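Line order of the protein sequences matches chains A and B.
Numbering of the first sequence is given in numbering that gives the first Met the number 0, commencing with residue 0 and proceeding in unit increments.
Numbering of the second sequence is given in numbering that gives the first Met the number 0, commencing with residue 0 and proceeding in unit increments.
Glycine residues also receive a C-beta, built at the ideal position from the N, C-alpha and C atoms.
On a predicted model such as this, the values are computed, not experimentally measured, just so you know.
Report on the following structure.
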Amino acid sequence: MYLYDQIDREFLADRAAEFRGQVARRLAGELTEDQFKPLRLMNGLYLQLHAYMLRVAVPYGSLKPDQFRAFAHIARTWDKGYGHFTTRQNIQFNWVRLGDTPDILDHLAGVDLHAIQTSGNCIRNVTSDPYAGATAQEVDDPRVWSEVIRQWSTLHPEFSFLPRKFKFAVTAADADRTAARAHDVGLKVQRGPDGDLGFEVMVGGGQGRTPYLAPTIKPHLPASRLISYLEAVLRVYNRHGRRDNIYKARIKILVASLGAEEFARQVEEEWLKIGTAADLPDTELARIRGSFTAVNFDTLPPRSDAFEAAKTGHPAFARFVRNNVKAHKQPGYAIVEISLKAPGATPGDASAEQMDVVADLAERYGLSDIRVTHEQNLVLPHVALNDIEAVWRGLDAVGLATPNISLISDIIACPGLDYCALANARAIPVAQSIAERFADPDRAENVGELKVKISGCINACGHHHVGHIGVLGVDKKGEEFYQLSLGGSGAEDASLASILGPALPADKVADAVDRMVEAYLAIRQDGERFLDTFRRTGMTPFKEAVYVDAH
Amino acid sequence: MSTLIKLTDAGFQAAEDLFIDVADEDAIPDGPVILSLTRFQAEGDALVTAGRSVGVRIAADEAVEDLAYDLPRLALVAVVFPKFRDGRAFTTASLLRQRLAFGGEVRAVGDVLREQAMFMVRCGFDAFAPSDGATVEDWARAAGRFRHVYQRAADGRAPAFEERG
Numbered sequence: 000m001y002l003y004d005q006i007d008r009e010f011l012a013d014r015a016a017e018f019r020g021q022v023a024r025r026l027a028g029e030l031t032e033d034q035f036k037p038l039r040l041m042n043g044l045y046l047q048l049h050a051y052m053l054r055v056a057v058p059y060g061s062l063k064p065d066q067f068r069a070f071a072h073i074a075r076t077w078d079k080g081y082g083h084f085t086t087r088q089n090i091q092f093n094w095v096r097l098g099d100t101p102d103i104l105d106h107l108a109g110v111d112l113h114a115i116q117t118s119g120n121c122i123r124n125v126t127s128d129p130y131a132g133a134t135a136q137e138v139d140d141p142r143v144w145s146e147v148i149r150q151w152s153t154l155h156p157e158f159s160f161l162p163r164k165f166k167f168a169v170t171a172a173d174a175d176r177t178a179a180r181a182h183d184v185g186l187k188v189q190r191g192p193d194g195d196l197g198f199e200v201m202v203g204g205g206q207g208r209t210p211y212l213a214p215t216i217k218p219h220l221p222a223s224r225l226i227s228y229l230e231a232v233l234r235v236y237n238r239h240g241r242r243d244n245i246y247k248a249r250i251k252i253l254v255a256s257l258g259a260e261e262f263a264r265q266v267e268e269e270w271l272k273i274g275t276a277a278d279l280p281d282t283e284l285a286r287i288r289g290s291f292t293a294v295n296f297d298t299l300p301p302r303s304d305a306f307e308a309a310k311t312g313h314p315a316f317a318r319f320v321r322n323n324v325k326a327h328k329q330p331g332y333a334i335v336e337i338s339l340k341a342p343g344a345t346p347g348d349a350s351a352e353q354m355d356v357v358a359d360l361a362e363r364y365g366l367s368d369i370r371v372t373h374e375q376n377l378v379l380p381h382v383a384l385n386d387i388e389a390v391w392r393g394l395d396a397v398g399l400a401t402p403n404i405s406l407i408s409d410i411i412a413c414p415g416l417d418y419c420a421l422a423n424a425r426a427i428p429v430a431q432s433i434a435e436r437f438a439d440p441d442r443a444e445n446v447g448e449l450k451v452k453i454s455g456c457i458n459a460c461g462h463h464h465v466g467h468i469g470v471l472g473v474d475k476k477g478e479e480f481y482q483l484s485l486g487g488s489g490a491e492d493a494s495l496a497s498i499l500g501p502a503l504p505a506d507k508v509a510d511a512v513d514r515m516v517e518a519y520l521a522i523r524q525d526g527e528r529f530l531d532t533f534r535r536t537g538m539t540p541f542k543e544a545v546y547v548d549a550h
Numbered sequence: 000m001s002t003l004i005k006l007t008d009a010g011f012q013a014a015e016d017l018f019i020d021v022a023d024e025d026a027i028p029d030g031p032v033i034l035s036l037t038r039f040q041a042e043g044d045a046l047v048t049a050g051r052s053v054g055v056r057i058a059a060d061e062a063v064e065d066l067a068y069d070l071p072r073l074a075l076v077a078v079v080f081p082k083f084r085d086g087r088a089f090t091t092a093s094l095l096r097q098r099l100a101f102g103g104e105v106r107a108v109g110d111v112l113r114e115q116a117m118f119m120v121r122c123g124f125d126a127f128a129p130s131d132g133a134t135v136e137d138w139a140r141a142a143g144r145f146r147h148v149y150q151r152a153a154d155g156r157a158p159a160f161e162e163r164g
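So this is what it looks like as C-alpha cells:
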C-alpha cells in the first residue's frame with residue numbers, strides 16, 4: 000500500500016496549518032460566511048441542516064488500521080460516536096463543530112489523511128476497485144494509477160476551479176465495482192492489441208438530474224501518456240464547459256452537446272500540442288508501483304479443512320460465506336466484505352466501536368488492509384481461509400456480520416432529509432423499511448442479487464439512476480413521495496434506469512418493491528437476476544404488479 | 000490607487016501601476032495603456048507602431064491564441080477573473096507561458112483573492128491586483144504556504160517526483 004513520505008506529510012501539515020488560520024479568521028469575524036464558504040468547502044467542510052459536516056477523503060477507498068482507528072477517535076471525540084461511509088468511498092462526520100475542525104484535520108494529518116478536494120469544483124477523490132490487489136480479474140493494480148491521479152490532481156494549479164466538480168474512477172477488472180461509466184472520467188486499465196498496458200478512456204458520465212453513461216472517447220491510451228491526456232481532457236473542459244448554469248456545468252453536458260466524436264477530436268488536438276512534457280517520468284511510476292506490490296502472503300493450500308468444517312458446523316457462517324466472501328487471487332486467501340447494512344441500521348454508518356474492531360481484525364487477520372466500497376460497505380481484502388471464521392465471530396460481536404452483500408437489503412442511500420440541506424425527502428427510513436421487509440435471509444438469498452439505490456433528491460447521491468430498483472425522493476406539495484425506476488446498473492453492464500410510474504407515498508414503497516420482487520420470482524428463468532428478467536420482459540409485469548389497485 | 004503586487008527575482012514587491020486600464024467606451028489617454036482584446040485588434044497596431052507601451056486585457060471567454068502574433072509587441076497581458084471561482088484564467092495564463100512563450104508581465108485582475116495566490120503563481124502570473132485588500136505580506140504568505148507541489152507547471156517549480164528523484 001502507498002506510504003506517505005516526508006514530502007507528502009509536509010504537504011498535509013501545510014494544508015492543515017492553512018485551514019487553521021482560515022478558521023481563526025472566521026471565528027474572529029475577519030471573514031464573513033460568504034468569504035469563508037469557498038475556503039471551508041476546499042477542506043470538505045459543509046454546513047448541513049443541523050450542523051457542520053466534515054467529509055474526509057479515503058484515497059481510492061484504501062485504509063490502514065491506524066487510519067481507521069483515527070476515524071473511530073474522531074467519531075468519539077468530536078462527533079456523536081459514529082461516521083458515515085459514502086458512495087465516493089469517503090467518510091463523513093455529520094456533527095462536528097467549526098472550532099474543532101482544525102484539531103480534526105491535524106489528527107487526520109497525523110495518520111496521512113486529509114479532507115482536501117472532498118468538495119468544491121475540483122478533481123475529487125478517485126474511486127477505485129475495492130478488490131484491487133486481491134482479485135484475479137485485474138490486469139494491473141488500479142491503485143497505482145489512482146495514486147498517480149491523486150498526486151497529479153492535488154491542488155492542481157490549472158484545474159482547481161473547474162466549471163463543476165470532477166470525479167474519476169479507475170478499474171482494472173472486467174467486473175466493474177467502481178461504476179466507471181457513471182463518472183466524469185472512467186478509466187479501465189487493459190492490455191492493448193500488442194500486450195501493452197493502457198486505458199480505455201470514458202468521459203462524460205454522471206448522475207444528477209441529467210444522467211449519462213460515459214462514452215468511450217479513446218479506446219486505448221498508452222499508460223505512459225496518462226497525465227498528458229488527462230490534462231488535455233481537463234483543459235478542453237475548463238475552457239469550454241458551461242459556467243452560466245450550475246445544472247449544465249458538468250463535463251457530461253459538454254460531451255453530450257458536442258457529441259463524443261467532436262469532444263474526442265478536440266481533446267486529441269490539445270493532447271498533440273501538450274506533448275509528453277506533462278507525463279510522469281518512469282522512475283516515479285516505478286516508485287509508486289513498488290509501494291503496492293509488497294504484500295506478504297503466506298504460501299497456503301487452496302483448500303482449508305478448518306474453513307470447510309466451520310461452514311458445515313455453522314449454517315449462519317455458511318450463509319455469511321455464501322454472500323460476503325469472494326474469491327482471492329492468492330491460494331488459501333479470500334476477500335471478506337463487511338456489510339454496513341444491518342437491519343434497522345443507517346446504510347453506510349459505522350460506530351467508533353465497530354471501526355476499532357474492524358481495525359483490530361484487519362491488523363490481526365487481514366494484512367492490515369481495509370477498503371471502503373462505493374456501495375457503502377467495507378472490505379478486508381486479504382484474509383486467509385483459516386481465519387475467516389474468527390473474523391466472522393469478531394464482526395458478529397459488534398453487529399457487522401450481516402450476510403447480505405449485493406442482496407436486496409444491501410441498499411445504497413444518501414443521507415437524505417435527515418441531514419442534507421438539499422434533500423426533498425428522507426432516504427434512510429425508506430431504506431430501513433425495505434430492508435425490514437426482506438429481513439428473512441432465506442427469502443433474500445432466494446431473490447438473489449438485487450441492487451436498490453435511494454436518493455433523497457434529484458442530485459442522485461444515492462445513485463438511483465443505476466439501481467436495479469432506483470428510488471428517488473420528491474416533494475409533492477410539501478409531502479415526501481418516491482419515484483421508482485427499474486433497470487439501472489453501475490456495473491460493467493451499465494445502464495440507466497427507467498421510471499416505473501407515478502410516485503408513491505413513503506409507506507407504499509416497501510410494498511411496491513415486495514410486489515415487484517414477487518412478480519420477478521414468478522417469471523424469472525434459470526439463473527436470471529432481477530435485472531436480467533427486467534431486461535427480458537420490460538416494464539409491463541412490474542408496472543402491473545405495483546399499480547394493479549389503481550385500475 | 001489599488002495595490003499592485005509583482006513577483007520578481009527578489010520576491011513579491013509592491014509596485015506602482017504605470018498602466019491605465021481603458022474601458023472600451025473611453026478615449027485612449029497618453030501613457031501606457033491596457034486595452035480589451037477587441038479594442039487592441041482595432042486600434043492597437045497604430046499605438047504600438049507609435050512606440051506606445053500597450054497591454055491587452057483578456058476576458059475569461061476569449062481565446063488567448065488569438066493574440067499569438069502580437070505577443071512580442073505587448074508589455075503585458077491582463078487576464079480577467081470575472082469571479083474568483085471562474086478558473087478559465089488559469090488556463091489562459093498557462094498557455095501564455097507554456098505554449099506561446101510570452102515573457103512579458105501576466106497580470107491577474109478582477110476578483111483576485113489571496114487564497115488563489117499559489118495557483119496563480121504556478122500558472123505563470125507574475126503581477127497581481129488583489130481585490131480582497133491583501134497586502135504584499137499577505138500575498139507572499141499565501142503564495143508560499145506549501146513547501147511542495149505535485150505537478151509540473153508554468154512556474155518551473157520542481158514537483159515532488161523531481162524532489163524525490
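Evaluate Asn244(A) with the Cβ neighbour count: other Cβ atoms within 10 Å of its Cβ, from every protein chain shown; 16 or more gives buried, anything less gives exposed.
-> Residue mapping note: residue 244(A) aligns to position 245 of the first sequence, counting from 1. Classification for Asn244(A): exposed.
Pairwise C-alpha distance: Ala67(B) and Leu48(A):
Position 49 of the first sequence, counted from the start, is the residue given in the question as residue 48(A). Position 68 of the second sequence, counted from the start, is the residue given in the question as residue 67(B). When rounded, the distance between both Cα atoms is 50 Å.
Met0(B), DSSP secondary structure in three states: Position 1 of the second sequence, counting from 1, holds the residue named residue 0(B). Low per-residue confidence applies at Met0(B): pLDDT is 47, beneath 50, and the placement is therefore not dependable enough to give any value.
Worksheet item: Taking the alpha carbon of Pro553(A) as the point to measure from, which residue in Tyr481(A), Ser223(A), Lys187(A), Leu196(A) has its own alpha carbon closest?
Response: One cannot answer for residue 553(A) here, as it falls past the ends of chain A, which runs 0 to 550.
| query | First and last residue of the beta strand (DSSP E) that includes Gly82(A)? | reply | Position 83 of the first sequence, counted from the start, is the residue given in the question as residue 82(A). Where Gly82(A) is concerned, the enclosing beta strand (DSSP E) stretches over 81 to 84.
Proximity winner among Thr298(A), Gly466(A), Leu384(A), Val473(A), relative to Ala422(A) (alpha-carbon distances):
Working through the first sequence from its first residue, we reach residue 422(A) at position 423. Comparing alpha carbon positions, the residue from Thr298(A), Gly466(A), Leu384(A), Val473(A) closest to Ala422(A) is Val473(A).
*Spatial neighbours of Lys247(A) within its chain, please: CB distance less than 6 Å, with the 5 preceding and 5 following residues excluded, ordered by chain position.*
The residue you call residue 247(A) lines up with position 248 of the first sequence. Cβ within range, chain order: Arg241.
Assigned secondary structure, Glu24(B) (DSSP; H/G/I helix, E/B strand, else coil): Taking the first residue of the second sequence as position 1, residue 24(B) is located at position 25. The three-state secondary structure of Glu24(B), taken from DSSP, is coil.
Exercise for review: Answer yes if the segment 56 to 65 of chain B comes into contact with the segment 93 to 105 of chain B, meaning at least three C-beta pairs across the two stretches below 8 Å, and no otherwise.
Suggested key: Touching, yes, given that three or more Cβ pairs across the two stretches are closer than 8 Å.
Going by the beta-carbon positions, is the gap between Tyr546(A) and Thr532(A) smaller than 8 Å? For the purposes of this step, residue 546(A) is identified with residue 547 of the first sequence, where counting begins at 1. For the purposes of this step, residue 532(A) is identified with residue 533 of the first sequence, where counting begins at 1. Taking C-beta atoms as the reference points, Tyr546(A) and Thr532(A) fail to come closer than 8 Å.
**Prompt:** Considering only the beta carbon of each residue, do Gln88(A) and Gly82(A) sit closer than 8 Å?
**Reply:** Here residue 88(A) corresponds to residue number 89 of the first sequence, with the count starting at 1. Here residue 82(A) corresponds to residue number 83 of the first sequence, with the count starting at 1. In this structure, the beta-carbon distance from Gln88(A) to Gly82(A) does not fall below 8 Å.
With a threshold of 16 other CB atoms inside 10 Å of the CB of Asp23(B), please say whether the residue is buried or exposed. Mapped onto the second sequence, residue 23(B) falls at position 24. The residue in question, Asp23(B), is exposed, as its Cβ has fewer than 16 Cβ neighbours within 10 Å.
Count the C-beta pairs between the segment 366 to 386 of chain A and the segment 333 to 349 of chain A that are closer than 8 Å, then say yes if the count reaches three, no if not.
Segments in contact, yes.
What is the DSSP secondary structure of Phe18(A), counted as helix, strand or coil? As a first step, residue 18(A) is located in the first sequence; it is residue number 19 there, counting from the start. Phe18(A) falls in the helix class under three-state DSSP.
TODO: For my contact list, Leu176(B) and Ala107(B) are in at a C-beta cut-off of 8 Å; report their separation, rounded to the angstrom.
DONE: Absent from the structure is residue 176(B), since the part of chain B shown begins at 0 and ends at 164.
Report task. Taking Ala496(A) and Leu503(A) to be in contact with their CB atoms under 8 Å, please state how far apart those CB atoms are, rounded to whole angstroms. Result -> To locate residue 496(A), count along the first sequence from 1; it is residue 497. To locate residue 503(A), count along the first sequence from 1; it is residue 504. 16 Å between Cβ atoms; not a contact.
- Pick helix, strand or coil for Pro380(A), following the three-state DSSP scheme. To locate residue 380(A), count along the first sequence from 1; it is residue 381. DSSP places Pro380(A) in strand when its eight states are reduced to three.
Nearest by alpha-carbon distance to Asp105(A): which of Ser145(A), Gly80(A), Glu17(A), Ala344(A) is it? As a first step, residue 105(A) is located in the first sequence; it is residue number 106 there, counting from the start. For Asp105(A), the nearest C-alpha among the options comes from Glu17(A).
Using a Cβ-Cβ cut-off of less than 9 Å, give me the residues of the segment 142 to 157 of chain A that come near chain B, in sequence order.
Listed in sequence order: Arg149, Gln150, Trp151, Ser152, Thr153, Leu154, His155, Pro156, Glu157.
CB contact flag (Glu448(A), Ala174(A), <8 Å): Numbered from its first residue, the first sequence carries residue 448(A) at position 449. Numbered from its first residue, the first sequence carries residue 174(A) at position 175. It is not a contact, given that the beta carbons lie outside the stated cut-off.
Quiz item: Which bits of chain B does Pro37(A) rub up against, with CB to CB less than 9 Å?
Solution: Counting from one through the first sequence, the residue named residue 37(A) turns up at place 38. Against chain B, a Cβ distance below 9 Å from Pro37(A) picks out Phe83, Arg84, Leu112, Glu114.
**Study point:** Thr298(A) classed as buried or exposed, judged by whether at least 16 other C-beta atoms fall within 10 angstroms
**Key:** Against the first sequence, residue 298(A) aligns to sequence position 299. Answer is exposed; the Cβ neighbour count stays below 16.
*Would you kindly work out how many angstroms separate the C-alpha atoms of His464(A) and His182(A), rounded to a whole number?*
The residue labelled residue 464(A) in the question sits at position 465 within the first sequence. The residue labelled residue 182(A) in the question sits at position 183 within the first sequence. His464(A) and His182(A) have their C-alpha atoms roughly 13 Å apart.
So if I threshold CB-CB distances at 8 Å, which residues from the segment 282 to 307 of chain A count as touching chain B? Taking 8 Å as the upper bound on Cβ-Cβ separation, chain B lies near residues Thr282, Glu283, Arg286 of the segment 282 to 307 of chain A.
Next on the checklist: Whole angstroms are fine: how far does the CA of Thr401(A) sit from the CA of Ile468(A)?
Outcome noted: If you number the first sequence from 1, residue 468(A) lands on position 469. If you number the first sequence from 1, residue 401(A) lands on position 402. Whole-angstrom Cα-Cα distance: 21 Å.
Using three-state DSSP, classify Leu75(B) as helix, strand or coil. If you number the second sequence from 1, residue 75(B) lands on position 76. In the displayed model, Leu75(B) falls within a strand according to three-state DSSP.
Three-state secondary structure (DSSP) of Tyr418(A): Here residue 418(A) refers to the residue found at position 419 of the first sequence. It is coil, neither helix nor strand.
Name, please, each residue of chain A whose Cβ falls closer than 7 Å to the Cβ of Ser93(B).
Taking the first residue of the second sequence as 1, we reach residue 93(B) at position 94. Going along chain A in sequence order, the residues near Ser93(B) (Cβ under 7 Å) are Glu157.
Chain B partners of Asp13(A), CB-CB under 9 Å? In the first sequence, residue 13(A) corresponds to position 14, counting from 1. Think of a sphere of 9 Å around the beta carbon of Asp13(A): the chain B residues whose beta carbon falls inside it are Arg144, Phe145, Arg146, His147, in chain order.
Just to confirm, is the Cβ distance from Ala71(A) to Asp128(A) under 8 Å? By 1-based counting over the first sequence, the position of residue 71(A) is 72. By 1-based counting over the first sequence, the position of residue 128(A) is 129. The answer is no: Cβ separation not under 8 Å.
Q.
If we define contact as Cβ-Cβ less than 8 Å, is Ala157(B) a contact residue for chain A?
A. As a working note, residue 157(B) is residue 158 in the second sequence. No, its Cβ sits nowhere closer than 8 Å to a Cβ of chain A.
Practice task
To the nearest angstrom, report how far apart Gly274(A) and Gln150(A) are at their CA atoms.
Solution key: For the purposes of this step, residue 274(A) is taken as residue 275 along the first sequence, with counting starting at 1. For the purposes of this step, residue 150(A) is taken as residue 151 along the first sequence, with counting starting at 1. Gly274(A) and Gln150(A): Cα-Cα distance of roughly 20 Å.
query = Should the segment 314 to 325 of chain A be called in touch with the segment 111 to 122 of chain A, which here means at least 3 C-beta pairs below 8 Å?
reply = The segment 314 to 325 of chain A, when compared against the segment 111 to 122 of chain A, does not touch it at the 8 Å Cβ threshold.
Under 9 Å by beta carbon: chain B residues contacting Lys247(A): Numbered from its first residue, the first sequence carries residue 247(A) at position 248. Within chain B, no residue comes near Lys247(A); the closest Cβ sits about 15 Å away, beyond 9 Å.
- Same chain, Cβ closer than 8 Å to Lys229(A), neighbours up to 5 away in sequence not counted: Locating residue 229(A) in the first sequence gives position 230, where the first residue counts as 1. Note that residue 229(A) corresponds to Leu in the displayed sequence, not to Lys. Counting only Cβ-Cβ distances below 8 Å, and skipping sequence neighbours, we find Ile148, Trp151, Val184.
Might you give, ordered along the chain, the residues of its own chain that have their beta carbon closer than 8 Å to the beta carbon of Arg208(A), omitting 5 neighbours on each side? Position 209 of the first sequence, counted from the start, is the residue given in the question as residue 208(A). Here the set comprises Tyr246, Ile457, Asn458, Ala459.
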